[in-house]
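Heads up: the sequence shown runs through residues 11 to 165, numbered per this note's numbering.
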Amino acid sequence: MKCEYCGSEITEKRTRRGAKFCSSDCYIDSSKQKYRSGFTGNDRSFSSSSTGAAHELLVCANLLKLGFHVFRSQSPACPCDLVVMCEDGIYLVEVTTGYRGKNAKLFHPTKDRNKFDWLAIVLHDGKIIYQKNGEEFSPSLATTKAGAIPQKEAK
Numbered sequence: 011m012k013c014e015y016c017g018s019e020i021t022e023k024r025t026r027r028g029a030k031f032c033s034s035d036c037y038i039d040s041s042k043q044k045y046r047s048g049f050t051g052n053d054r055s056f057s058s059s060s061t062g063a064a065h066e067l068l069v070c071a072n073l074l075k076l077g078f079h080v081f082r083s084q085s086p087a088c089p090c091d092l093v094v095m096c097e098d099g100i101y102l103v104e105v106t107t108g109y110r111g112k113n114a115k116l117f118h119p120t121k122d123r124n125k126f127d128w129l130a131i132v133l134h135d136g137k138i139i140y141q142k143n144g145e146e147f148s149p150s151l152a153t154t155k156a157g158a159i160p161q162k163e164a165k
């Protein structure tokens, strides 16, 4: 039997276990290739930082369409990617890329939840999933009161 990734022969021991790859390295490389192809197609020249920037813009556009005032970070060293402002207050938003596994479980990089109020997870099909305190929610101007940073009163 041949490896699905590199075409090398798979050992008899691995074949008996139902392996489709000759090594764990081929399995990992194949998984990475499938993961990346969901957003970028077969174009491997699209860097991860470009993917992140594109996803930040998708989230910006989505939040603007929902009626929020959105500000984007100009430095990659900022503690969050976006700042969302509404009548209730200010929300810090972190944007990341994620995917759903075969069992529909959501996978994304672990982030320090103390640095932001909302996590926006952009899937490879462009769908955006918002989380607040680890729970999914749909942001709207009517439901932003819980968890907002109070605005300072003008002097």
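In this text, a Cβ means the ideal position worked out from N, Cα and C, and glycines have one as well.
- For the options Lys12, Tyr140 and Glu22, the alpha carbon positioned closest to that of Leu73 is the one of Tyr140.
- DSSP links Tyr140 through a beta bridge to Ala130 and Phe147.
- As DSSP reads the structure, His79 sits in a beta bridge with Met95.
- By the CB criterion at 8 Å, Lys12 and Glu22 fall outside the cutoff.
- By DSSP's assignment, Thr106 forms a beta bridge with Ile131.
- Selection Gly136, Leu116, Asn143 and Ala63 evaluated against Pro86 yields Ala63 as nearest (Cα-Cα).
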